Amino acid sequence: MNGNIHKFSNSQIFKLKEMNNIVVYCEIEEGKVADVSLELITKGRKLAQDLKCKLEALAIGYKLDSIGSQVFPYGVDTLYVVDDKRLEHYQTLPHTSICVKLFEEQKPQICLMGATTTGRDLGPRVSSALKSGLTADCTNLEIGPHTETKTGKEYKDLLYQIRPAFGGNIIATIVNPDCRPQMATVREGVMKKEIFNANHKGEVVKLDADKYVSASDFAISIVERHMEKSKVNIKNSSIIVAGGYGVGSKENFALLYELAAVIGAEVGASRAAVDAGYAEHERQIGQTGVTVRPKLYIACGISGQIQHIAGMQESSMIISVNNDPNAPINKIADYVITGNIEDVLPKMIKYYKQNSK
Amino acid sequence: MGLKIIVLAKQVPDTRNVGKDAMKADGTVNRAALPAIFNPEDLNALEQALRLKDQFPGTHITLLTMGPVRAAEVLREGLFRGADDGILLTDRAFAGADTLATSYAIACAIRKVKDYDLIICGRQAIDGDTAQVGPQVAEKLGIPQITYAEEVVSVKNNVIKIKRRLERGIEVVEGKLPLVITVNGSAAECRPRNAKLLMKYKHSSTMSERAEKSEDYLAMINDKPYLNIKEWSVNDIECDREQLGLSGSPTKVKKIENIVFQAKESKRLTDGDNDINQLMKELIENHTIG
Ligand SMILES: Cc1cc2nc3c(=O)[nH]c(=O)nc-3n(C[C@H](O)[C@H](O)[C@H](O)COP(=O)(O)OP(=O)(O)OC[C@H]3O[C@@H](n4cnc5c(N)ncnc54)[C@H](O)[C@@H]3O)c2cc1C
Ligand SMILES: Nc1ncnc2c1ncn2[C@@H]1O[C@H](COP(=O)(O)O)[C@@H](O)[C@H]1O
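Following this line, the structure appears as structure tokens:
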């Protein structure tokens, strides 16, 4: 495939700014648009306003009649739908073909995908075909100008793709000056999902699957599939009791569950706690887990490395329970309780019960 | 039936153990302070290849890496564990590559190897955590990909069956060879070095490494061609130079920043009954809980 057509010339780039749109790839599981996609649409709406362009979404799957009503309130202007029995479950090649052909026709300036097992499978494939850049796992997206240091060439309105680098120890701003679309993936929970306007109506454009996919796109077949609905919902919980390596054992995690049950919270964990087998992976909070913004975050035996803090620093109130008075997490905590979780948690349970009566 | 397998492995700084001295005062990374290691998930990838070799005698595993001269270390590590062959792709022209330019160079090198049934890479490299190079290589070679592989279930009549680990479950898929698979950290761990192979390949080296060795040493290794690790420069592969390195990289780093967290003024409490009773009262009264 000749990807050079996607390296637009300068004059084209100039024109692009006025007319080209932002497209969000929607992940769909059992007829429902995934949260991560709605979060990206919310972000995309803001970026579209900055760029004065339209926000588009792409839905690929089977029985997609309700997708429009799901995404329009979040601000989508145009929804492309490819509805076909063969597309019931996500598969790399057909989805790649559809994205590549559609983007060749529509030439979006920005394409956003979830940094999920789907988005991270599809995004690189599409970017490789289009020879456009792709930045994984962005934690922020903004629009801004850019000057190439070497050539002095100036660009207006590029997408700043902001992401942690080097194991999360630094934050890098990445730009993609010359190739389109500018592609980025974002993890679930990093952006906030917000209704733009409950009455916002967009246009549905149905695409004919046969024009976009070919038989050879079905080279890989799915033999078996076991998907589970996620059991834990830490992202939407207003109180989180999170445990770290300092909790010491799976058994001690029971204390956290007890406190959580009493105060109506969900249990989260640091990566060290997950790696040690104290908690399930789904509960991991941080750069490589979910990002949470609860009303109250109780960190138990968590030291507070940057990668963990990256996923919970926006909590309205933070309580740290740690036997080390100098644990880094204490710096961002509103309340620091210095002590062992074995002593402190039972007391929290006891006094909550006493006082709430 | 032996398979021809190419395993992609990268040498990476060990970002999992970034100590204080790894960050310079100006907030940039002091690469020298970080040990260079075999990217962890590439070891999982190698193990999948080795298992196929156990199962199908005559299987040939080529380990391919792109990086500086020193990256030959991962090739030797692979030979010690059972790989048959190593290729180091190294040239200034590759420097500054983002994932797109990296995958282009790697795809060109793979085209030169020509004969392959399977390309196995790690899911992602811990220096960038992008997980992009595998799928991008697959696209450039025009072959399918199976990402997040946890286990090769079977290879029969040129059809490979793979179990994938996704965030909400598992999927078993199958497809015709050749294709690219990327292997998860949750897959089987890599076997340790084999003592015999360690002896055999201890002195294996690339052309650049040999340039620094004495005549006697060279004489010793010269009659053992298996000790020669292939080293390819940009001149050894067929490619469009515009698509390599910095010029072939659409993405540019605009800015690097240190992370600063807003320190709060925290209230300090003891683990005594009084303090905790007080706190719980407060939280209930201001409706934070309850
Ligand atoms: C690329 C990358 C991504 C990462 N992503 C994440 C991520 O998403 N999420 C994440 O959490 N981490 C992540 N990490 C790991 C992170 O760097 C830390 O290693 C991890 O957060 C540490 O977890 P911890 O605080 O539970 O453990 P530790 O650092 O071991 O801290 C344990 C704490 O418990 C305290 N303690 C010990 N005993 C007790 C007791 N009895 N009572 C009270 N306190 C006690 C100790 O004082 C200490 O502060 C990532 C790392 C890398 C390199
Ligand atoms: N320079 C390289 N040399 C060899 N293999 C690489 C290189 N970069 C990436 N890979 C392979 O691609 C996978 C994904 O890398 P990344 O996209 O950087 O996260 C790695 O696990 C390797 O298998």
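Chains A and B supply the protein sequences, listed in that same order.
Numbering-wise, the numbering used here puts 337 at position 288 of the first sequence, and it's gapless, one number per residue.
Numbering-wise, the numbering used here puts 263 at position 220 of the second sequence, and it's gapless, one number per residue.
Glycine included, each C-beta is placed from N, C-alpha and C at the ideal position.
Keep in mind that this is a model prediction, so the values were computed, not measured.
Exercise. Look at the alpha carbon of Ile62(A) and the alpha carbon of Gly182(A), and state the distance between them as a whole number of angstroms.
Key: Low per-residue confidence applies at Ile62(A): pLDDT is 44, beneath 50, and the placement is therefore not dependable, though the value from the model is reported in the following sentence. Spanning the two alpha carbons is a distance of roughly 15 Å.
Quiz item: Closer than 8 Å, CB to CB, is Thr340(A) near chain B or not?
Solution: no
Exercise. Tell me whether Gln356(A) counts as near ligand 1, meaning its Cβ is closer than 7 Å to at least one heavy atom of that ligand.
Key: yes
Quiz item: Rounded to a whole number of angstroms, what is the C-alpha to C-alpha distance between Asp127(B) and Thr105(B)?
Solution: 6 Å
Self-check item: Cutoff 7 Å; reference Arg115(A); Cβ partners in own chain excluding five residues on either side
Solution: Here residue 115(A) is Ser; the residue named in the question, Arg, does not match the sequence. Closer than 7 Å at the Cβ level, and outside the excluded window around Ser115(A), lie Gly80.
Quiz item: Is Gln167(B) near ligand 2, going by C-beta to nearest heavy atom under 7 Å?
Solution: yes
Exercise. Within 10 angstroms of the Cβ of Met263(B), are there 16 or more other Cβ atoms? Answer buried if so, exposed if not.
Key: exposed
Practice problem: Check the Cβ of Gly212(B) against every Cβ in chain A and list those closer than 8 Å, keeping chain order. | Solution: Arg274, His275, Met276, Glu277
Quiz item: Which value, in whole angstroms, describes the spacing of the CA atoms of Arg169(A) and Arg166(B)?
Solution: 10 Å
Quiz item: Assuming Gly101(B) and Gly45(B) make a contact with CB atoms under 8 Å, what is their CB distance in whole Å?
Solution: 3 Å
Quiz item: Hey, Asn379(A) and Ser309(B) are a contact pair by Cβ (cut 8 Å); roughly how many whole angstroms apart?
Solution: 6 Å
Quiz item: Quick one: does Arg320(A) have its CB under 8 Å from some CB of chain B?
Solution: no
Quiz item: If we ignore side chains and look at the alpha-carbon of each, how far apart do Lys134(A) and Asp257(A) end up?
Solution: 12 Å
Quiz item: Taking 8 Å as the CB-CB limit, is Leu345(A) close to chain C?
Solution: Judged by its chain identifiers, the structure shown contains no chain C, and its protein chains are A and B.
Quiz item: CB of Cys164(B) to nearest heavy atom of ligand 3: below 7 Å?
Solution: In the structure shown, ligand 3 is absent; the only ligands present are ligand 1 and ligand 2.
Quiz item: Between which two residues does the beta strand (DSSP E) containing Leu104(A) stretch?
Solution: 104–110
Practice problem: My understanding is that Val341(A) touches Gly217(A), with C-beta atoms under 8 Å, so please give their C-beta distance in whole angstroms. | Solution: The Cβ separation is near 16 Å, so there is no contact.
Quiz item: Name the chain B residues whose beta carbon is nearer than 9 Å to that of Tyr401(A)?
Solution: Met323, Leu326, Ile327, Ile332, Gly333
Quiz item: Does ligand 2 have a heavy atom nearer than 7 Å to the CB of Thr173(B)?
Solution: yes
Quiz item: By Cβ distance, which residues of its chain are closer than 8 Å to Ile334(A), with the 5 residues on each side in sequence left out?
Solution: Ile283, Ile289, Ala291, Gly317, Ala318, Ser319, Thr340, Val341, His357, Gly360, Met361
Quiz prompt | Within 8 Å, strictly: CB atoms of Asn329(B) and Ala230(B) | solution = no
Quiz item: Exposed or buried, which one is Tyr269(B) when buried takes at least 16 other CB atoms within 10 Å?
Solution: exposed
Quiz prompt | Min CB distance Val224(A) to chain B below 8 Å | solution = yes
Quiz prompt | Alpha-carbon to alpha-carbon, Glu154(A) and Thr225(B) | solution = 31 Å
Self-check item: Beta carbon of Val296(B) nearer than 8 Å to that of Ile71(A)
Solution: no
Quiz item: Less than 7 Å between the CB of Glu391(A) and some heavy atom of ligand 1, yes or no?
Solution: yes
Quiz item: Looking at the C-beta of Ser248(B), does it have a partner C-beta in chain A at a distance below 8 Å?
Solution: no
Quiz item: Less than 7 Å between the CB of Val176(B) and some heavy atom of ligand 2, yes or no?
Solution: yes
Quiz item: Taking a cut of 7 Å between CB atoms, which residues from the stretch 370–388 of chain A lie near chain B?
Solution: Asn379, Lys380, Ile381, Ala382, Asp383, Tyr384, Val385, Ile386, Thr387, Gly388
Exercise. For Val370(A), I'd like the list of residues in its chain whose CB is within less than 6 Å of its CB, leaving aside the five on either flank, ordered along the chain.
Key: Cys349, Ile386, Ile390, Val393
Quiz item: Can you name the start and end residues of the beta strand (DSSP E) that His24(B) belongs to?
Solution: With chain B covering only 44 through 333, there is no way to say anything about residue 24(B).
Quiz item: Within the 8 Å Cβ cut-off, does Cys228(A) reach chain B?
Solution: yes
Exercise. Output the distance between the C-alpha atoms of Leu326(B) and Ser279(A), rounded to the nearest integer angstrom.
Key: 30 Å
Self-check item: Endpoints, beta strand (DSSP E) assigned at Ala233(A)
Solution: 231–235
Quiz prompt | Thr188(A) - containing alpha helix (DSSP H), residue span | solution = First-last for Thr188(A): undefined, no H or E at that position.
Quiz item: Are Gly177(B) and Ile269(A) closer than 8 Å when you measure CB to CB?
Solution: no
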